[in-house]
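Protein chains: 2
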Amino acid sequence: MEQDIDFKTFKRVVSLSMEDMCRDLFLENPRGIKIKKEGVAVKNLVKIFNAALAISNEKGFAAMSMRDLSAEAGLSMGALYTYFSSKDELLDMITHQGRMVTARVLLDQVDGIDNPRARLKRAIEAHLFLSEIMQPWFYFSYMETKNLSKTQHRKAIETELFTEKIFVDIISSGCEQGLFREVDVDLAGAALKALLQDWYLKRWKYAKRDVTVENYSVFITNLMESYLFL
Amino acid sequence: MEQDIDFKTFKRVVSLSMEDMCRDLFLENPRGIKIKKEGVAVKNLVKIFNAALAISNEKGFAAMSMRDLSAEAGLSMGALYTYFSSKDELLDMITHQGRMVTARVLLDQVDGIDNPRARLKRAIEAHLFLSEIMQPWFYFSYMETKNLSKTQHRKAIETELFTEKIFVDIISSGCEQGLFREVDVDLAGAALKALLQDWYLKRWKYAKRDVTVENYSVFITNLMESYLFL
DNA sequence: GTCTATATCTGGATAGAC
DNA sequence: GTCTATCCAGATATAGAC
Chain A
1 MEQDIDFKTF
11 KRVVSLSMED
21 MCRDLFLENP
31 RGIKIKKEGV
41 AVKNLVKIFN
51 AALAISNEKG
61 FAAMSMRDLS
71 AEAGLSMGAL
81 YTYFSSKDEL
91 LDMITHQGRM
101 VTARVLLDQV
111 DGIDNPRARL
121 KRAIEAHLFL
131 SEIMQPWFYF
141 SYMETKNLSK
151 TQHRKAIETE
161 LFTEKIFVDI
171 ISSGCEQGLF
181 REVDVDLAGA
191 ALKALLQDWY
201 LKRWKYAKRD
211 VTVENYSVFI
221 TNLMESYLFL
Chain B
1 MEQDIDFKTF
11 KRVVSLSMED
21 MCRDLFLENP
31 RGIKIKKEGV
41 AVKNLVKIFN
51 AALAISNEKG
61 FAAMSMRDLS
71 AEAGLSMGAL
81 YTYFSSKDEL
91 LDMITHQGRM
101 VTARVLLDQV
111 DGIDNPRARL
121 KRAIEAHLFL
131 SEIMQPWFYF
141 SYMETKNLSK
151 TQHRKAIETE
161 LFTEKIFVDI
171 ISSGCEQGLF
181 REVDVDLAGA
191 ALKALLQDWY
201 LKRWKYAKRD
211 VTVENYSVFI
221 TNLMESYLFL
């Protein structure tokens, strides 16, 4: 379990197609979605989510009209409303599903790795690789957080702090074991989080400079280690 | 000129009141604004900008209606439209004015400091202190970039790259002088930029943890130096 | 310069045919 | 399950009184 992982392997192991995620959503949500047949529902959810993410990441969720969405997804407005009861509910659905996957995958990836240095490295890779695969989703969640309903907004903040805590805990245990020097673990964790987020927030920049996700992963790991070891 | 600067001194020296900025805008823009008397125009521009930043940073510019703005600013809708010709123009005005100030202050602050280490420290402080004073403005600009008109959007990206280049150039000169070790200067610059941006993007987090801007400045400087010196 | 009142249009949501 | 047609609340923007 402690062995290294590369992006290709990661992608294969976690297998997070849009279809898988939409199927999960459908199975979790027997009430909200009026459609009965799984095949039809999943196929259309994929179309809806892809369209919503594309338009919203271009000009913002609030600026996306239901007519825009209808055109891009290739479904009539009437059909759209059999999958959610309001535009706000669609927003909540998308972010909710993203959060579930993130938490599950991150915890799963660091599980069983005890050495803090190895654990930190893997956590960084897992976060970056995941956000690479699900970039539109991560970008969307970041930008639309403040537009969520109050309960979903609270959950979004909880998840932000939860994933940050994963990093803080790793750094703390490294300090306790005398492996890392004594640092302000909260600040270190916050900084690491910011660096990981930059990967999906400024993808255009890194793409233009031909920085791959593996390059970036190595760089961030080195940066953090040079601070923690000194 | 090379001496240290603290937040209080910085605040006094750059003196960036909302009023100063609105006066600049008024004097630069004799065409767009229909109001003739400087006193009246500046007073109302301050009210409009404060209101627009407050509402937009709460729920997004697109979700802010002109009625919201009218109520919060204490001006009728008719009066609002004597200061700009459309909601989109208001968006452009706000971001434009913020960019002008940022570029001017940053260049001004590092001017005359030759030693790369001192220059880097000062650039970090200047960016953080500036974004502390103008937090609503910085947050707004970041979140609303993708909603700008095409020309203003292009300018926003140019400014992002311009300020990043200030950091990259400092790091490069440090490497050339053999003061810093050889690193990927573009990645280092991008990372630093991300860390500086986190300060105004997650202010709620740092405020809750009682991290001051000076604390954060010292932390970021140490983090970067531990990577650059090693 | 500022306000009120209003013209005009767009967008979310739904009813009912197929 | 999906589509078309439509309702109507609420949005931007302006005209004209004061």
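Quick note, the sequences are listed as chains A and B, same order.
The first sequence finishes on residue 230 if you use my numbering, and the numbering steps up by one all the way, no holes.
The second sequence finishes on residue 230 if you use my numbering, and the numbering steps up by one all the way, no holes.
Where a beta carbon is used, it is the ideal one built from N, C-alpha and C, also for glycine.
Note that the coordinates shown come from a computational prediction; the quantities given were computed from them, not determined experimentally.
Just tell me which of Met-93/B, Asp-20/B and Ser-56/B has its CA closest to the CA of Thr-151/B. Met-93/B
Counting only beta-carbon separations shorter than 8 Å, does Val-211/B have a partner in chain A? yes
With 16 other Cβ atoms within 10 Å as the buried cut-off, status of Pro-30/A: By the 10 Å Cβ count, Pro-30/A comes out exposed.
Could you tell me the boundaries of the alpha helix (DSSP H) in which Gln-109/B lies? 87 to 110
Can you name the start and end residues of the alpha helix (DSSP H) that Lys-205/A belongs to? 203 to 208
Should Met-134/B be labelled buried (16 or more other beta-carbon atoms within 10 Å of its own) or exposed? buried
Between Ala-236/B and Thr-9/A, what straight-line distance do the alpha-carbon atoms span, to the nearest angstrom? Since the first residue shown for chain B is 1 and the last is 230, residue 236/B is missing from the structure and cannot be characterised.
Secondary structure at Val-213/A, three-state DSSP: helix, strand or coil? helix
Rounded straight-line distance, which links the Cα of Glu-58/A to that of Ala-71/A: 15 Å
Gly-78/B (DSSP reduced to helix, strand or coil): helix
By DSSP, does Ile-124/A sit in helix, in strand, or in coil? Ile-124/A falls in the helix class under three-state DSSP.
Contact between the region 205 to 223 of chain A and the region 96 to 114 of chain B is defined here as three or more beta-carbon pairs at a separation below 8 Å; is this criterion met? no
Should the region 121 to 135 of chain B be called in touch with the region 184 to 196 of chain B, which here means at least 3 C-beta pairs below 8 Å? Counting C-beta pairs with one atom in each stretch, the region 121 to 135 of chain B and the region 184 to 196 of chain B have three or more that are closer than 8 Å, which means they touch.
Under 9 Å (Cβ pairs) to chain B, residues found in the region 17 to 43 of chain A: Per Cβ criterion, the list is empty.
Where the alpha helix (DSSP H) through Phe-61/B begins and ends: No alpha helix (DSSP H) contains Phe-61/B, which DSSP labels as neither H nor E.
Members of the region 45 to 60 of chain B near chain A, C-beta cut-off 9 Å: Asn-57, Glu-58, Lys-59 and Gly-60
Can you tell me where the alpha helix (DSSP H) holding Val-168/A begins and where it ends? 150 to 176
Ile-113/B versus Arg-119/B - alpha carbon distance: Taking the CA atoms as reference points, Ile-113/B sits about 6 Å from Arg-119/B.
Taking Asn-147/B as the query, report the chain A residues whose CB atoms sit under 8 Å from its CB, ordered along the chain. Residues of chain A with a Cβ closer than 8 Å to the Cβ of Asn-147/B are, in chain order, Lys-59, Gly-60 and Ala-63.
Quick one: is Tyr-227/A near chain B, going by C-beta distance under 8 Å? For Tyr-227/A, the answer is yes, since a Cβ of chain B falls inside 8 Å of its Cβ.
Helix, strand or coil for Met-224/B? Go by DSSP, reduced to three states. helix
Buried or exposed: which applies to Phe-229/B, given that a residue is buried once 16 or more other Cβ atoms fall within 10 Å of its Cβ? exposed
Pick out whichever of Leu-80/A, Gly-74/A and Thr-163/A has its Cα sitting closest to the Cα of Asp-108/A. In terms of Cα proximity to Asp-108/A, the closest of Leu-80/A, Gly-74/A and Thr-163/A is Thr-163/A.
Using a Cβ-Cβ cut-off of 8 Å, state whether Met-66/B counts as contacting chain A. no
Within a Cβ cutoff of 8 Å, which residues of the same chain sit near Val-183/B, ignoring the five residues on either side of it in sequence? Take Val-183/B, set aside five residues on each side of it, and the residues of its chain with a beta-carbon closer than 8 Å to its own are Ile-171, Cys-175, Tyr-227 and Leu-228, in chain order.
Backbone secondary structure at Tyr-83/A - three-state DSSP: Three-state result, Tyr-83/A: coil.
Which same chain residues, not among the five before or five after Ala-156/A, have their C-beta less than 8 Å away from its C-beta? Thr-95, Arg-99, Ser-141, Thr-145 and Leu-148
List the residues of chain B whose Cβ lies closer than 9 Å to the Cβ of Phe-129/A, in chain order. Ordered by position in chain B, no residue passes the 9 Å Cβ test against Phe-129/A, which lies about 18 Å from the chain.
Note down, in chain order, every chain B residue with its Cβ under 8 Å from the Cβ of Phe-219/A. Asp-184, Leu-187 and Ala-191
Do you know offhand how far Thr-212/A's Cα is from Asn-44/B's? Cα-Cα distance, rounded: 49 Å.
Chain-ordered chain B contacts of Asp-4/A [CB-CB under 7 Å]: Here the premise fails: no neighbours, minimum Cβ distance about 21 Å.
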